[in-house]
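All residue numbers in the sequence shown are consecutive under UniProt numbering, ending with 79.
C-beta: ideal position from N, C-alpha, C; glycine also.
To keep things clear, I will list the structure first and then write my remarks on it.
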Amino acid sequence: GIDVKFLQVGLLMSNNSVYSLHKTSTRPFLQKKSEEWGVEMEVVAELRFNLSKTLKCHKKNSVDVEVDFIKLSHKTGKS
């Protein structure tokens, strides 16, 4: 998705690290991508976001979503 492309561009622009928030359920996918890109991934924190109902079609008033605050770092500087 666009979030993965955003991370790629961020890493291309960065000399050190990029921080990002993602649903915890996507962690294995992001770990695989970080290996493909040759960067290290660290889960800095595991958080819970409370998302409020914003559309009429939403059935619940709010929902808790588990998210990871991750750090992606170049292994040996910018490549």
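CA nearest to the CA of Gln8, picked from Leu47, Trp37 and Val65: Trp37
Buried versus exposed, by CB contacts within 10 Å (16 or more), Leu30: buried
Host alpha helix (DSSP H) of Leu55 (start-end): From DSSP, Leu55 is part of no alpha helix (DSSP H); its letter is neither H nor E.
Per-residue DSSP class, three states only, for Ser73: strand
Distance between Met13 and Asp64 (C-alpha atoms, nearest Å): 33 Å
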